[in-house]
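Trainee: The structure's right below; bear with me while I get my questions together.
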Amino acid sequence: MTKSLEQTRHELEQTPQPPLDEASLERVYEETRNCNIGFITAYRSDYSAKENLSRSRELQSDIRSSGFGFRYIEGHIVENHGTPDARKVVERAYMVIGGQGDDSGNLLGFLKKYGAKCDQDCVIYKSHDEATVDLVGTPSQMLRNASPV
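For the sequence shown, my numbering assigns the number 54 to the initial residue and increments by one for each residue that follows.
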């Protein structure tokens, strides 16, 4: 039996996570103010809801085993943007929290590696010393857009 996206979303929502209130938002701000942070997901619309749930759990495990913290977020994106197959999707994503200060590219390397592993076109990264974020293409995105020789 294949689960619907709504059933999968319900399962994900049952995963324990603290509610966000003003104090929680302040804590997230303080946690990330001088840290490298990134945003990544394992979700792809061409996978079933069950497969996406499994991929999301595996990514969560990879984040933890790599020594990073994270917060769950709900992502709203247009998948396959600019193509006839473009469509809006809602997905579980992760705000990955790295260490404070310069980490010699550790978090950015993680995001690129696991973005490619999860077949993502890009990830979002913010350096500890920047106020803006960068949209970073992954190796899988670069291969998809490569011209045949």
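Don't be surprised by glycine CBs; every beta carbon is placed ideally from N, CA and C.
It should be emphasised that the depicted structure is a prediction, and the values quoted were computed from it without experimental measurement.
Among residues of its own chain, excluding the 5 on either side of E79, which ones have a beta-carbon nearer than 7 Å to its beta-carbon?
Mentor: Closer than 7 Å at Cβ, skipping near neighbours: no residue.
Trainee: Under the rule that 16 or more other beta-carbon atoms within 10 Å means buried, what is G168, buried or exposed?
Mentor: Answer is buried; the Cβ neighbour count reaches 16.
Trainee: Would you mind sorting G120 into buried or exposed? The rule is 16 or more other CB atoms within 10 Å of its CB.
Mentor: Classification of G120: exposed, given that the 10 Å Cβ count is below 16.
Trainee: Within the same chain, show all residues whose beta-carbon is closer than 8 Å to that of Q113, passing over the 5 residues directly before and after it, in chain order.
Mentor: Excluding sequence neighbours, Q113 sits near F123, Y147.
Trainee: Mind the definition here: the stretch 91 to 103 touches the stretch 143 to 159 only if three or more C-beta pairs lie below 8 Å; say whether that holds.
Mentor: The answer is yes - the stretch 143 to 159 touches the stretch 91 to 103, with three or more Cβ pairs under 8 Å.
Trainee: Just to confirm the assignment, what range does the beta strand (DSSP E) spanning A146 have?
Mentor: Unbroken beta strand (DSSP E) run through A146: 140 to 153.
Trainee: On the DSSP bridge assignment, give the partners of K179 in chain order.
Mentor: Looking at the DSSP assignment, K179 forms a beta bridge with I90.
Trainee: Just to confirm the assignment, what range does the beta strand (DSSP E) spanning D115 have?
Mentor: It is not in any beta strand (DSSP E) - D115 instead sits in the alpha helix (DSSP H) that spans 102 to 118.
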